[in-house]
Amino acid sequence: MPHPRRWSILAFILVAECMDLLDATIVNVAVPSIRGDFHASESQVQWIVGAYPLAVAVGLILGARLGDLYGRRRLFALGAFGFTAASLACALAPSAGLLIAGRLVQGGFAALMIPQGLGILRSIFPPDELPKAYGIFGPVIGSAAIVGPIVGGALVDANLFGTGWRLVFLVNLPLGAAAVVGALRLMPEGRAAHARRLDIGGTVLVSAAMALLVYPLIEGREAGWPAWTYGSIAAGLALLVVFAFNQVWRLRTGRDPLVEPSLFAHRGYTAGIAVMQIFFAAISGFMLTLMLFLQLGQSYSPLRAGLTLAPWALGTAIGAGFGGAVLVPRFGRTVLQLGAAVSVAGTLLLLLVARGSGELTTWTLLPGILVSGLGLGLVVAPLFDIVLAAVSERELGSASGVINASQQLASSLGIAVIGTVFFGALAGGRFHHALTDTLWLEAALFAASLVLTPLLPRQGVAAEALLLAAAD
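Note that the working numbering has the sequence shown beginning at 688, numbered continuously upward.
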């Protein structure tokens, strides 16, 4: 029987989803102000932005398993409460180091909260209403992406009661409180009928591997790239190999693996993960370096910088809407290739403007930013379901979790690598030089993702199967 308050529960889950999305993007606008207040080092700036997606990537699959075992409502409420408390700690942070710690905790609790929502919806909506319920996610989350940079800039500029950038974290308090109250008062408790056991060893291995890879990429440049940075990267790669063997061993001995090893036997899926890593690394680096350039190099206010980025979010919404509704059903993977090519074109447009002799203004940057957004939207529309089409129906749930975690890891790696290139080129305050260097790198990454797309399946997985995978 359908839950009588299912649409109200959907609203609270959407609040949590938007809170997570805003926190992943809104800090980009605030980070120049944070840097000024704390006199933060360049690596600390990268950690302030990159710590959150790294923590989400580490905890996402484990969070879903915990919800299956101990109850999705309980984990949703715990995640929302912890996320809200961590947001308050970030707002009150007296130093960059404590702010980074707060961002890691935020990401950890987000990884507990976010996976529970779709599973809860699947348990309270009848099958004929599920597509409508899931269909609301796209427009709401798309709207949050559009207004995120603008809201961030407006909050920092507002400086209510002298809070400055701290308001971008304080805004989470009412949203988080609403999510907690909604979970405790309305949501039913639910567990998976056949929940998998926890793979603590696998979680530790993959977490350590991610940390060993990301840490030297952020800290290495300021430290002068000593031997330990290369040793750390090598150790991280070695741990990933150990993790792979560990997952195969668990499966052979009748234990539940964290990730289905058979996923990576599918060439299309492995190539899809590579495309996602490359493409979203470029996107996350693009957002961070453009915000730093506009506010520190061009002296834009946070609000003006957010408004300058608004055409990018608008282009993303248009590309995803038109691509998903019109182009993808007819052309499949070709839309993904078109999106990667358009992303390259948008980046090259920005390069032409940045390397020209004219003044860089919101209006001169607008064409390149808008085209880049269109490219992102065209890629986002088909990517998830096309990558999932490479795996069997039995593997959909595990494949979906790995894709989500991979996207978060890509964001953290992009901030680490592209941020390092930006700050390395910034010697002597040459902001235009730093911008052009990072734009060349981003164009190369988009082009690399374009080269890999022919390895993906031609058409995406059926919508019904995709909904089930998202909820598993």
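From the three backbone atoms N, C-alpha and C, an ideal C-beta is built for every residue, glycine too. Keep in mind the model is a prediction, meaning the values are calculated, not measured.
- Query: Between the stretch 749 to 756 and the stretch 917 to 934, do three or more beta carbon pairs fall short of 8 Å?
  - Reply: no
- Task: Please say whether E1129 and F973 have beta carbons closer to each other than 9 Å?
- Result: Taking the first residue of the sequence shown as 1, we reach residue 973 at position 286. Taking the first residue of the sequence shown as 1, we reach residue 1129 at position 442. The answer is yes: Cβ separation under 9 Å.
- Could you give the residue range of the alpha helix (DSSP H) that holds G1002? Working through the sequence shown from its first residue, we reach residue 1002 at position 315. That run of the alpha helix (DSSP H) goes P989 to F1009.
- With respect to the alpha helix (DSSP H) encompassing H953, which residues constitute its N-terminal and C-terminal limits? On the sequence shown, residue 953 is found 266 positions in, with the first residue counted as 1. Taken as a continuous stretch (DSSP letters only), H953 belongs to no alpha helix (DSSP H), as it is neither H nor E.
- Query: Helix, strand or coil: how does DSSP classify R692 here?
  - Reply: As a first step, residue 692 is located in the sequence shown; it is residue number 5 there, counting from the start. In this structure, R692 counts as coil in the three-state DSSP scheme.
- Task: Return yes when the Cβ of G1011 is within less than 9 Å of the Cβ of L1037, no when it is not.
- Result: For this step, residue 1037 is matched to residue 350 along the sequence shown. For this step, residue 1011 is matched to residue 324 along the sequence shown. Contact: no.
- Sequence ranges, alpha helix (DSSP H) only - wholly within the stretch 777 to 833, length at least 4: 783 to 811 and 817 to 822
- Classify W915 as helix, strand or coil using the three-state DSSP reduction. In the sequence shown, counting from the first residue as 1, residue 915 sits at position 228. DSSP places W915 in helix when its eight states are reduced to three.
- Query: What are the uninterrupted segments assigned as alpha helix (DSSP H) that are 4 or more residues long and contained completely in the stretch 835 to 881, given in chain order?
  - Reply: 854 to 857 and 859 to 873
- Message: Just to check my reading of the structure: V1066 and S1030 have Cβ atoms closer than 8 Å, yes? What is that Cβ distance to the nearest angstrom?
- Response: Residue 1066 sits at position 379 when you count from the first residue of the sequence shown. Residue 1030 sits at position 343 when you count from the first residue of the sequence shown. That pair is a contact at about 7 Å.
- Looking only at its own chain, which residues have a Cβ that is under 8 Å from the Cβ of A1041, when we skip the five neighbours before and after it? Position 354 of the sequence shown, counted from the start, is the residue given in the question as residue 1041. Answer for A1041: L1047, H1119, L1122, T1123 and L1126, listed in chain order.
- Length of the line joining the Cα atoms of W1050 and T995: Start at 1 with the first residue of the sequence shown, and residue 1050 comes out as number 363. Start at 1 with the first residue of the sequence shown, and residue 995 comes out as number 308. Taking the straight line from one Cα to the other gives about 8 Å.
- Message: Counting beta carbon pairs with one atom in the stretch 956 to 975 and one in the stretch 798 to 817, are three or more of them shorter than 8 Å?
- Response: no
- Let me know the secondary structure DSSP gives S1059 once reduced to three states. Taking the sequence shown and counting its residues from 1, the one referred to as residue 1059 is at position 372. Residue state, collapsed to three classes: helix.
- Query: Residues in its own chain within less than 6 Å of L1014 by CB, not counting five upstream and five downstream?
  - Reply: Your numbering for residue 1014 matches position 327 in the sequence shown. Excluding sequence neighbours, L1014 sits near V1022.
- Query: Is it right to say T940 is buried, meaning 16 or more other beta carbons lie within 10 angstroms of its own, or is it exposed?
  - Reply: By 1-based counting over the sequence shown, the position of residue 940 is 253. Classification for T940: exposed.
- Task: Go ahead and pull the three-state DSSP assignment for T1140.
- Result: Along the sequence shown, one-based indexing puts residue 1140 at 453. Residue state, collapsed to three classes: helix.
- Pair within 9 Å by beta-carbon distance, A1103 and I905: In the sequence shown, residue 1103 corresponds to position 416, counting from 1. In the sequence shown, residue 905 corresponds to position 218, counting from 1. Their beta carbons are under 9 Å apart, which means A1103 touches I905 by this criterion.
- Alpha carbon of E1151 to alpha carbon of K819, nearest angstrom: Locating residue 1151 in the sequence shown gives position 464, counting from the first residue. Locating residue 819 in the sequence shown gives position 132, counting from the first residue. In this prediction, E1151 has a pLDDT of 47, which is less than 50 and means its spatial position is unreliable; what the coordinates show is noted afterwards. C-alpha separation (whole angstroms): 12 Å.
- Given a threshold of 16 other Cβ atoms within 10 Å of its Cβ, counted over all protein chains shown, does R759 qualify as buried or as exposed? As a working note, residue 759 is residue 72 in the sequence shown. So R759 ends up on the buried side.
- Simplified DSSP state of H726, which is helix, strand or coil: Here residue 726 refers to the residue found at position 39 when the sequence shown is read from its first residue. The answer is coil: DSSP assigns H726 none of H, G, I, E or B.
- Task: Would you mind sorting L924 into buried or exposed? The rule is 16 or more other CB atoms within 10 Å of its CB.
- Result: Working through the sequence shown from its first residue, we reach residue 924 at position 237. Exposed, since its Cβ has fewer than 16 Cβ neighbours within 10 Å.
- Query: Hey, L697 and L808 are a contact pair by Cβ (cut 8 Å); roughly how many whole angstroms apart?
  - Reply: Translated into the one-based positions of the sequence shown, residue 697 becomes position 10. Translated into the one-based positions of the sequence shown, residue 808 becomes position 121. With a Cβ gap of about 6 Å, L697 and L808 count as contacting.
- Residue range of the alpha helix (DSSP H) that includes T1107: In the sequence shown, the residue the question calls residue 1107 occupies position 420. L1083 to G1111 is the extent of the alpha helix (DSSP H) around T1107.
- Which of helix, strand or coil DSSP assigns to P1054: Looking up residue 1054 in the sequence shown gives position 367. Note: P1054 maps to helix in three-state DSSP.
- Query: Can you tell me whether DSSP reads D943 as helix, strand or coil?
  - Reply: Counting from 1 along the sequence shown, the entry for residue 943 is found at position 256. Three-state DSSP puts D943 in coil, outside helix and strand.
- Item | Delimiting residues of the alpha helix (DSSP H) encompassing A1028 | In the sequence shown, counting from the first residue as 1, residue 1028 sits at position 341. Its alpha helix (DSSP H) spans residues R1020 to R1042.
- Query: Could you give the distance in angstroms between the alpha-carbon of D1072 and the alpha-carbon of P781?
  - Reply: Start at 1 with the first residue of the sequence shown, and residue 1072 comes out as number 385. Start at 1 with the first residue of the sequence shown, and residue 781 comes out as number 94. Answer to the nearest angstrom: the Cα atoms are 43 Å apart.
- Message: Quick check on DSSP: helix, strand or coil for A767?
- Response: Start at 1 with the first residue of the sequence shown, and residue 767 comes out as number 80. Looking at A767 - three-state DSSP - the assignment turns out to be helix.
- Message: Just to check my reading of the structure: G804 and F770 have Cβ atoms closer than 8 Å, yes? What is that Cβ distance to the nearest angstrom?
- Response: The residue you call residue 804 lines up with position 117 of the sequence shown. The residue you call residue 770 lines up with position 83 of the sequence shown. With 8 Å as the limit, G804 and F770 do not qualify as a contact, their Cβ atoms being about 13 Å apart.
- Message: Among the candidates L741, M706 and V736, whose CA atom is the shortest distance from the CA of A767?
- Response: As a position in the sequence shown, residue 767 is number 80, starting the count at 1. Here the closest residue by C-alpha is M706.
- Can you find at least 3 beta carbon pairs, one from the stretch 787 to 801 and one from the stretch 706 to 720, that sit closer than 8 Å? yes
- Message: So the candidates are F856, A773, I920 and A797; which of them puts its Cα closest to the Cα of V716?
- Response: Locating residue 716 in the sequence shown gives position 29, counting from the first residue. Per the Cα distances, F856.
- Would you kindly work out how many angstroms separate the C-alpha atoms of R722 and V732, rounded to a whole number? Along the sequence shown, read from residue 1 onward, the residue named residue 722 stands at position 35. Along the sequence shown, read from residue 1 onward, the residue named residue 732 stands at position 45. For R722 and V732, the distance between alpha carbons rounds to 7 Å.
- Message: What does the alpha-carbon distance come out to for the pair P836 and L1096?
- Response: Counted from its first residue, the sequence shown places residue 836 at position 149. Counted from its first residue, the sequence shown places residue 1096 at position 409. Each residue's alpha carbon lies about 21 Å from the other.
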